[in-house]
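Shown next, in structure tokens, is the structure this report addresses.
Numbering (our numbering), first residue to last: 100 to 248.
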């Protein structure tokens, strides 16, 4: 029994230390590579990472963009029609609700809420689904107002 426990201990010790230099990027330094590997095959991402592009747009670090990159059409469509968009919308809705509840209003009947119609009171999701989720350049304001009416 003692030999078995020693064997297990040595095996665990060798396994823990044997994998230190074999990370997924093939280097032992702590610097993150600019082009990371992705997927089960460990292939490098080509050109645009759609999740990184989306994050850049949401953080307003990608500015003056006119259309969604062509390779991101399916990504944006899957996001907007999927569970994550609904979950994100619920979080934003909940935070807006709690913000409104935290306001100290006078309750004299003179307070007013003004909502922006675009993506606040009206979902543009059917419009974007019909027009390629932003893939094609559109004259947005003309097209969206005709959609609303």
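Glycine included, every Cβ here is placed at the ideal spot set by N, Cα and C. All figures in this text were calculated on a predicted structure; none of them were measured in a lab.
Judged by beta-carbon spacing, residue 176 lies within the 9 Å limit of residue 232, meaning their Cβ atoms are closer than that value. Take the alpha-carbon of residue 226 and the one of residue 166: they are about 15 Å apart. Inclusion of residue 162 and residue 234 in the CB contact set at 9 Å is not warranted, their separation being larger than that value. Per DSSP, residue 229 is one residue of the alpha helix (DSSP H) stretching across 224 to 229. A direct Cα-Cα distance of roughly 19 Å separates residue 215 from residue 209. Residue 149 has its alpha-carbon roughly 10 Å from the corresponding atom of residue 173.
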